[in-house]
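Novice: Its first residue numbered 284, the sequence shown is counted upward by one per residue in our numbering.
Cβ atoms here follow ideal geometry from the backbone N, Cα and C, with glycine treated the same way.
Would you mind keeping the following structure in view while I ask a few things?
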Amino acid sequence: METWCGFDLHHDDFWDVSLREYHLITSGKIKAKNEEFKAHRVLNQELGILVKFAYHSPNKMPDFTKAKAEQKRGSGEKKADHSRLHQYLLNQSFQSK
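Dropping the structure here:
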């Protein structure tokens with residue numbers, strides 16, 4: 284099946300998409316790609332640190348599990364994300380009327 288712009292959408296569906304929806308699709312894809320690159324950079328940095336310690340001083344290897352536990356999201360951020368999603372869905376329902 285043919286797709287357009289790498290979004291796994293059939294080429295016949297292109298004409299049903301508004302410019303705003305197209306913008307949301309493309310900006311979401313760009314944000315996802317940026318987050319993927321960011322995750323790869325962090326992983327490569329951690330790997331470099333581990334290799335450095337493994338080669339020069341294996342007795343002083345850092346413990347990354349402690350750092351991950353500190354980075355967990357708080358409940359305030361989850362509530363903010365939930366409210367943003369709720370607001371977006373409300374706006375979409377009002378625009379469709």
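Which runs of the alpha helix (DSSP H) at least 4 residues long sit entirely within the stretch 302-360? Give them in chain order.
Specialist: Within the stretch 302-360, the complete alpha helix (DSSP H) runs of at least 4 residues are 302-339, 347-353.
Novice: Between residue 345 and residue 332, is the Cβ-Cβ spacing less than 8 Å?
Specialist: Against a cut-off of 8 Å, the Cβ pair of residue 332 and residue 345 comes out as a contact.
Novice: Might you give, ordered along the chain, the residues of its own chain that have their beta carbon closer than 8 Å to the beta carbon of residue 373, omitting 5 neighbours on each side?
Specialist: Cβ neighbours of residue 373 beyond the five flanking positions: none.
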